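Chemist: So the sequence shown is residues 22 to 100, counted in the numbering used here. Quick reminder that beta carbons are idealized off the backbone N, C-alpha and C, glycines included. These numbers were taken from a predicted model, which means no experiment stands behind them. Have a look at this one.
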Amino acid sequence: MREDLKVKSLSFTEIAKLVGKKWQHLTPSEKEPYEQQGFAAKEKFTIELAEYRKTKSYKTFSEYLLEFNAKQLHIQESS
């Protein structure tokens, strides 16, 4: 399928529509491997995110983000 779409030079929107239609026509057993991959990826991400949130890098980024958002709010209120 991927090679067929590359040859047609379709836009992202057109490709998304075609893929969506194909997904709708798959049987539950055909969808299962993809759904399992998605579930496994989500679990991995959740675990990695929890670990990242324990790091100094995350704390530093969170502090920066708070300061940045406060500055942006101040700029908007001043305008």
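#1: Taking DSSP as the reference, what is the three-state secondary structure of Ser50?
#2: How many angstroms separate the CA atom of Ser83 from the CA atom of Leu70?
#3: Specify, as a first and last residue, the run of the alpha helix (DSSP H) that Leu87 falls within.
#4: So for Leu31, helix, strand or coil by DSSP?
#5: Since Tyr85 and Tyr79 are thought to touch, with beta carbons under 8 Å apart, how far apart are those beta carbons, to the nearest angstrom?
Modeler: Looking at the coordinates:
#1: helix
#2: 14 Å
#3: Lys77 to Ser99
#4: coil
#5: Not confirmed; about 11 Å, so no contact.
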